[in-house]
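Visitor: Sending over a structure as structure tokens; questions will come in a sec.
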Amino acid sequence: MNRFALLISILLLCIPSFAWNWTFPKDHGMHPTFDSEWVYVTGHLTDETGTLHGFQVTFFRHQLTQIPDSTSPWNSPHLYTAHFAFTNGDTGAFNHYETMGREHPSTAYGQRNHLNVFIKDWKIEMNGHKMAIDIHTNDGHFTLFLAPTKPIVFHGDNGKSYKSSQKNYSYYYSMPRLEGHGTYTSGSNTYAFTSASAWMDREFFNNLLDSKQIGWDWFSLQLDSGEDIMVFQVRSNDGSIYKSGTYIAKDGTTQSLNSKDIELIPIDYWVSDKSQHRYPIEWQINLVSLNKSFTVSARFQNQELFNSVPFPFFYWEGQSLVSGSESGRAYLEMVGY
Amino acid sequence: MTLLLTAIFRDYKQYWLKILCTIIGVIISLSLFIVIELFSYLFQVPSIEASLNVPYSHKLVHNHGKITQHDIHNLSQHPLLNRYIPYSDIYDYFNHPDIQSDVLVRGTDRFQLTAILSDTYLNNEKTTEIDISPFDLNETFLISKSCKTGSKITMISHLIQKPIQAICIQFDISQPVLLMDIALFQSLYSTNNSVDSMLFSLTQSEASQVKSILENQLTNFSLIALKKEQEQQSKWVNSLTYNLKFLAFISLIVSTCLMIQFFRFLAKQRAFMFTQLFQLGVSTRIIKKIFIAEVGIIALFSNVSALIIAYFIAIYSLDLFNQIITMFYFKLSSTKLVMHWSIILKSILASFGSFVFAYIGYFYGKAFGHHIRPIIKIGFVSLFFISFGIGTIFYYPSRWLVIFSAIAMISGFFGLCVSSISFIGHALRRIKSQRFVAFKMCRDTLLNDPLSYGAIVFVISLSAGLIISMSIFVSSFSNTVKSWLDTVTFHDIYIQHPANTIQNPMTLPSESIALIHQLTSGDVKISTLYRVPFIYNGYPTQIVFRSNIHDPAYSRFIFKEILNGPFDLYDVVISEPFAIKHQLQLGEYIQLNGIVKNKLRIIGIAYDFVSEFGQIIADNNLIRSSQSKSLLHGVAIKASTATVLPSLIPELSQMSGINFATRDSIIDESMTIFNDTFSFTWFVVFLTGCIAIFSLINLLTIVCINRKNEIAQLWHIGFNTNRLTGIILAQVTIIGILSSLISIAIGGCFYILIVYGIQLPTFNWSIFLHIPWKLFIFTPIITLALCLIIGTLFMKIIGHELGKGRVNESIRTTN
Chain C
1 MNRFALLISI
11 LLLCIPSFAW
21 NWTFPKDHGM
31 HPTFDSEWVY
41 VTGHLTDETG
51 TLHGFQVTFF
61 RHQLTQIPDS
71 TSPWNSPHLY
81 TAHFAFTNGD
91 TGAFNHYETM
101 GREHPSTAYG
111 QRNHLNVFIK
121 DWKIEMNGHK
131 MAIDIHTNDG
141 HFTLFLAPTK
151 PIVFHGDNGK
161 SYKSSQKNYS
171 YYYSMPRLEG
181 HGTYTSGSNT
191 YAFTSASAWM
201 DREFFNNLLD
211 SKQIGWDWFS
221 LQLDSGEDIM
231 VFQVRSNDGS
241 IYKSGTYIAK
251 DGTTQSLNSK
261 DIELIPIDYW
271 VSDKSQHRYP
281 IEWQINLVSL
291 NKSFTVSARF
301 QNQELFNSVP
311 FPFFYWEGQS
321 LVSGSESGRA
331 YLEMVGY
Chain W
338 MTLLLTAIFR
348 DYKQYWLKIL
358 CTIIGVIISL
368 SLFIVIELFS
378 YLFQVPSIEA
388 SLNVPYSHKL
398 VHNHGKITQH
408 DIHNLSQHPL
418 LNRYIPYSDI
428 YDYFNHPDIQ
438 SDVLVRGTDR
448 FQLTAILSDT
458 YLNNEKTTEI
468 DISPFDLNET
478 FLISKSCKTG
488 SKITMISHLI
498 QKPIQAICIQ
508 FDISQPVLLM
518 DIALFQSLYS
528 TNNSVDSMLF
538 SLTQSEASQV
548 KSILENQLTN
558 FSLIALKKEQ
568 EQQSKWVNSL
578 TYNLKFLAFI
588 SLIVSTCLMI
598 QFFRFLAKQR
608 AFMFTQLFQL
618 GVSTRIIKKI
628 FIAEVGIIAL
638 FSNVSALIIA
648 YFIAIYSLDL
658 FNQIITMFYF
668 KLSSTKLVMH
678 WSIILKSILA
688 SFGSFVFAYI
698 GYFYGKAFGH
708 HIRPIIKIGF
718 VSLFFISFGI
728 GTIFYYPSRW
738 LVIFSAIAMI
748 SGFFGLCVSS
758 ISFIGHALRR
768 IKSQRFVAFK
778 MCRDTLLNDP
788 LSYGAIVFVI
798 SLSAGLIISM
808 SIFVSSFSNT
818 VKSWLDTVTF
828 HDIYIQHPAN
838 TIQNPMTLPS
848 ESIALIHQLT
858 SGDVKISTLY
868 RVPFIYNGYP
878 TQIVFRSNIH
888 DPAYSRFIFK
898 EILNGPFDLY
908 DVVISEPFAI
918 KHQLQLGEYI
928 QLNGIVKNKL
938 RIIGIAYDFV
948 SEFGQIIADN
958 NLIRSSQSKS
968 LLHGVAIKAS
978 TATVLPSLIP
988 ELSQMSGINF
998 ATRDSIIDES
1008 MTIFNDTFSF
1018 TWFVVFLTGC
1028 IAIFSLINLL
1038 TIVCINRKNE
1048 IAQLWHIGFN
1058 TNRLTGIILA
1068 QVTIIGILSS
1078 LISIAIGGCF
1088 YILIVYGIQL
1098 PTFNWSIFLH
1108 IPWKLFIFTP
1118 IITLALCLII
1128 GTLFMKIIGH
1138 ELGKGRVNES
1148 IRTTN
């Protein structure tokens, strides 16, 4: 093989790192060749009394460094973890749960060719366009049935979403408007949700952040006008910030937003009693290129999660409201405070 | 009231020696009780390990060994049982400059583990010091007090002969623990991917549901509450606690008896004063209040003094106690004494009980002892109590009944002492001979206060009885173990890894075994010793593999029961503790899940004093047929001729990485350790003996004070000190003989209590009675001799002064 042929073959091998050939429903499934990925569903639920509630269901897959030549059944290639949080709009209570399982057909598994992930009795699956979420906690049972009302949105460059200047990225798409219904039984209370409006994010990646990056702020906004916006910023310990986003029109057409287009200004803070972390829970968001300016405020201050698996960490993820030139509902995630 | 109390306490000058002896006796016995209680609580204080903030509350184990993957799959089908954490552990020895000791290697869920580590061992600042790869199953954490948090060390495992890299976490823990993922643990240590247990976090109602599922559907499994398991982890701890509690109980009884007789003495001393006060118009209520105040002050003083003294003794002897326990029982490094409220409550109750006893006795039982019929009744009731106590221990030796039996026996003996004193008092009336008139003169004194004299007799006989019982027990135990060791140590030399212990089996490296084979010639027979520790019915046990246990050479086992041959590979011998603990009979089958596939038939039950949990002895070929990787824990050498050993021993001494011992040295060292184990007990017995001596002086002062007028009158009519001493010694002799006789009975009963009530249910070891006749005969004689010697000395030094009191008419003109 001459040098030219070798160069071509190397370039061909590198193609997958430059672009991803999206295929559905296969890409709804797991991507075991990547280090990590998640299925992130957040949304807003309205019960029979008209009260607005919020929820978050996230399934993570992490690739494990296995033990060489081990026959142990615990020597799994992947670890699945999941978080579930419910914001009770009636009482303001915020409850969150977690579970985990090593990859095993009877314990935890994510299908490779379509969305079907379970960890013990926690499950999220997609049949055709219909999505079902089924979560059993120690004190409750949450079910949700959703269907998309907008096409899939690919963020960044056809789904390749950079988190830093060129080096770190994830493959990232969203289903920004999933509508449906469901129920939640918690202790003696049962909530029947007559309407649900959810946002699903799918991301898979190898090196999401660079060594200086310490956390991120992520927003998913469902505006009353029918438009949807996703913006995020990744913060570094040297003070530099990387921002990106996607604007989704009512008809589903998208427009990428870059750092210059986005201004995220913290307005108000809340300090957690548990972690002592200081989270900005109210933000001024200016989208310069879209000529939009609005405020995103946490509906309830205490929507902080503590998770112990795979390592103990705190983050804030909760239901928020949009006000200002636009109105609507949002989910805000803040990590690394 | 204050004035009256001042007058009362001024009166104490008259009988200062009596008060001093009593108070010292009470304080010593109460302090002894408190110190022993404080030490026994050291075992109940949660260990550092137990204070781990572990996210689980219960442990599910297989009743007959380990939990296989198939079991886990079946158990996971139940919704309550699918949220489990797998768990296994093993002891390994690691070579590293920082860690040269046994390390408890624990395999559990890597991801739960990180949370526990972070939660328990590390604060937020320290978390950043550790470079954790959260998704690496190969990562291990060494928790030790001798390495710096965050440092990475590579240690060579002795068990698997492989290097293991660990991230250090510095923590004040008595024994290093190596934490790793269960996958890594199984890859390194487990041969069949089974686990020791499954851990759960369950509420009480969930635990009840799980227990119900196990009882009805999964009968091979048991659910153990971790808290309960920690409390019952070792019967050694329990046994030691029982022994200490028993001694504490005796100390408390001694202290109570001393207080009873003291309070009664005070009541009697106050009798005249109270009558006068009553005649002067002071109401009975006020008089009783004065008495209660006096007694209360004495009780408070004794209790507070005892608490302070005991606490200081405990603090200063804590290190010594740690060393003794570490040397003879298990590793103990307690640094914190806990003054549990129950200790203070018990000592207060003892004072209160004594007071109530004395108060009722004085104000409502003045005529007690004057009539023979109630005395005979009390005597019979006391004998019934003693018989009931002994019978219960023989037939129903459960923990609670043992306590009741002990109380019944002690109450019985107390009653017997009191009734005997009274009965003797009545019997003395029949003395006609002039020679024994001194004895007859004791009659009134004994009949006037049988309760106080009974209490003194009881204290002396209890102390002597304790010495007798411990002597019989230690002698019997020692002889049983000695004869057992003589018989079962069959080989000439035993070789093992230097760190190998019963609790932590350690394998012998294959290179060492090869070298031993090279050193030995055809004149010796080398036997291999394998051990596999596991959990059977929730209790740790081990299966010991011997080279063909059906070989006639092994007939030297001392069998309690054995079936007739022929035997096959799947026939095993179990030890007596194992048979008793698991209620197994000859001919029954046992299944050792995860160790041996086939069921094993019990063909013999052998006496064994190695472990209180018992063991199974099986054929070496059994392990070879069922385990792909077996752990060799020792080599035994039997020389065909005696000439081989002198040349072999020096060569073995040159070998590194092994520890060897000859048959004789094993027996000698075992017996030395055995004897040393009881040194603490002997120390307590010695202190009890000291109390007995104080009680004796106490007795003499009571006798002298009670007979003060009589002695004074006798002295004034011409009796010299020798004759007065004779009169007092006559009474001391009566009490001494009675105490000696009762001490023999108490000694015998306590032996039964210790052997059948404490040792047998705890260790399941049969102990064969062996009476140390010399000690058995000499203890009562020494008790009597001491009574007389101390009595004579007392009378010569102090007692004769009592006879110089004033009387109206005296024939003496000079002193």
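Sequences listed follow chains C and W, in order. At position 310 of the first sequence the residue is numbered 310 (our numbering), and the sequence of numbers has no breaks. At position 215 of the second sequence the residue is numbered 552 (our numbering), and the sequence of numbers has no breaks. All residues carry an ideal CB built from backbone N, CA and C; glycine is no exception.
What is the DSSP secondary structure of R780 (chain W), reduced to helix, strand or coil?
Guide: If DSSP states are grouped into helix, strand and coil, R780 (chain W) belongs with the helices.
Visitor: Going by CA-CA distance only, name the one from C:R235, C:K260, C:D268, C:L257 that's closest to G336 (chain C).
Guide: For G336 (chain C), the nearest C-alpha among the options comes from C:R235.
Visitor: Is W353 (chain W) helix, strand or coil by DSSP?
Guide: Of the three classes helix, strand and coil, the one that applies to W353 (chain W) here is helix, per DSSP.
Visitor: Three Cβ pairs or more, each shorter than 8 Å: is that satisfied between the segment 167-175 of chain C and the segment 203-210 of chain C?
Guide: Enough Cβ pairs lie closer than 8 Å, so yes.
Visitor: Pick helix, strand or coil for A19 (chain C), following the three-state DSSP scheme.
Guide: Three-state DSSP puts A19 (chain C) in coil, outside helix and strand.
Visitor: Please classify N291 (chain C): is it buried, with 16 or more other beta-carbons within 10 angstroms of its beta-carbon, or exposed?
Guide: Per the 10 Å Cβ criterion, exposed.
Visitor: Given a threshold of 16 other Cβ atoms within 10 Å of its Cβ, counted over all protein chains shown, does W1102 (chain W) qualify as buried or as exposed?
Guide: Answer is buried; the Cβ neighbour count reaches 16.
Visitor: Mind checking W678 (chain W): buried by the 16 CB within 10 Å criterion, or exposed?
Guide: Exposed: under 16 other Cβ atoms inside 10 Å.
Visitor: Mind checking the segment 305-326 of chain C against chain W and listing, in chain order, the residues whose C-beta falls within less than 7 Å of any C-beta there?
Guide: Listed by position, the residues of the segment 305-326 of chain C near chain W (Cβ gap below 7 Å) are S308, V309, P310, F311, P312.
Visitor: Spatial neighbours of P835 (chain W) within its chain, please: C-beta separation below 6 Å, excluding the five flanking residues on both sides.
Guide: Excluding sequence neighbours, P835 (chain W) sits near N996.
Visitor: Going straight from the alpha carbon of F882 (chain W) to that of A955 (chain W), what length do you get?
Guide: Looking at the two C-alpha atoms, the distance is approximately 5 Å.
Visitor: Output yes if chain C places a C-beta closer than 8 Å to the C-beta of S742 (chain W); else output no.
Guide: Closer than 8 Å: no.
Visitor: Which ranges does the beta strand (DSSP E) cover as unbroken runs of at least 3 residues, wholly within the segment 65-102 of chain C, from first to last along the chain?
Guide: For the segment 65-102 of chain C, whole beta strand (DSSP E) runs of length 3 or above, ordered along the chain, are 78-87, 94-102.
Visitor: Would you call the segment 785-804 of chain W and the segment 757-769 of chain W in contact, with 3 or more CB pairs under 8 Å?
Guide: Yes, since at least three Cβ pairs between the segment 785-804 of chain W and the segment 757-769 of chain W fall closer than 8 Å, the two stretches touch.
Visitor: Taking all protein chains shown into account, decide if K260 (chain C) is buried (16 or more other Cβ within 10 angstroms of its Cβ) or exposed.
Guide: Counting Cβ neighbours within 10 Å, K260 (chain C) comes out exposed, since fewer than 16 surround it.
Visitor: Label L418 (chain W) either buried or exposed according to how many other C-beta atoms from any shown protein chain fall within 10 Å of its C-beta, with 16 as the threshold for buried.
Guide: Classification for L418 (chain W): buried.
Visitor: Would you mind stating whether S534 (chain W) and S106 (chain C) have Cβ atoms separated by less than 8 Å?
Guide: Taking 8 Å as the Cβ cut-off, S534 (chain W) and S106 (chain C) do not qualify as a contacting pair.
Visitor: Locate the beta strand (DSSP E) running through R177 (chain C), then write down its first and last residues.
Guide: It spans 169-186 - the beta strand (DSSP E) in which R177 (chain C) sits, taken as one unbroken run.
Visitor: Within a Cβ cutoff of 6 Å, which residues of the same chain sit near I248 (chain C), ignoring the five residues on either side of it in sequence?
Guide: These residues qualify, in order along the chain: V153, P176, D228, T254.
Visitor: Does the beta-carbon distance from W913 (chain W) to Y944 (chain W) come in below 8 Å?
Guide: Position check: residue 913 (chain W) holds Glu in this sequence, whereas Trp was assumed. Result yes, Cβ atoms of E913 (chain W) and Y944 (chain W) sit closer than 8 Å.
Visitor: Hey, does A503 (chain W) have any beta-carbon neighbour from chain C nearer than 8 Å?
Guide: No, no contact with chain C.
Visitor: Quick one: Cα of T1025 (chain W) to Cα of G633 (chain W), how far?
Guide: Their Cα atoms are separated by approximately 25 Å.
Visitor: Does T91 (chain C) pass the burial test, meaning 16 or more other C-beta atoms within 10 Å, or should it be called exposed?
Guide: Counting Cβ neighbours within 10 Å, T91 (chain C) comes out exposed, since fewer than 16 surround it.
Visitor: With a 10 Å radius around its C-beta and 16 neighbouring C-beta atoms as the bar for buried, classify Y926 (chain W) as buried or exposed.
Guide: Its Cβ having fewer than 16 others within 10 Å, Y926 (chain W) is exposed.
Visitor: Measuring only between beta-carbons, confirm whether K120 (chain C) sits less than 8 Å from chain W.
Guide: So, interface residue.
Visitor: Please specify which runs of the alpha helix (DSSP H), each continuous and at least 4 residues long, are wholly inside the segment 1055-1101 of chain W, giving them in chain order.
Guide: The segment 1055-1101 of chain W contains these whole alpha helix (DSSP H) runs: 1058-1089, 1097-1100.
Visitor: Have a look at H53 (chain C) and D47 (chain C) and give me their C-alpha separation to the nearest angstrom.
Guide: The alpha-carbon atoms of H53 (chain C) and D47 (chain C) are separated by roughly 8 Å.
Visitor: Which residues in the same chain as I1004 (chain W) place their Cβ atom closer than 7 Å to its Cβ, once the five residues preceding and following it in sequence are excluded?
Guide: For I1004 (chain W), where only same-chain residues beyond five positions count, the Cβ hits under 7 Å are L822, D823, T826.
Visitor: Any beta carbon from chain C within less than 8 Å of L367 (chain W)'s own beta carbon?
Guide: Cβ-Cβ to chain C under 8 Å: no for L367 (chain W).
Visitor: If we ignore side chains and look at the alpha-carbon of each, how far apart do G1084 (chain W) and R938 (chain W) end up?
Guide: Whole-angstrom Cα-Cα distance: 42 Å.
Visitor: So is Q771 (chain W) buried or exposed if we call it buried at 16+ other beta carbons inside 10 Å?
Guide: With fewer than 16 other Cβ atoms within 10 Å, it is exposed.
Visitor: Answer with buried or exposed for Y421 (chain W), where buried requires no fewer than 16 other C-beta atoms within 10 angstroms of its C-beta.
Guide: So Y421 (chain W) ends up on the buried side.
Visitor: Could you tell me the alpha carbon to alpha carbon distance between H854 (chain W) and D829 (chain W), rounded to whole angstroms?
Guide: Those two C-alpha atoms are separated by around 15 Å.
Visitor: For P73 (chain C), decide whether its Cβ has a neighbour in chain W, counting only Cβ atoms nearer than 8 Å.
Guide: Interface residue, yes.
Visitor: In whole angstroms, what separates the C-alpha of F34 (chain C) from that of K26 (chain C)?
Guide: Approximately 15 Å between the Cα atoms of the pair.
Visitor: Can you tell me the Cβ-Cβ gap for Y80 (chain C) and I119 (chain C), rounded? I've got them flagged as a contact below 8 Å.
Guide: Confirmed, Cβ separation roughly 5 Å.
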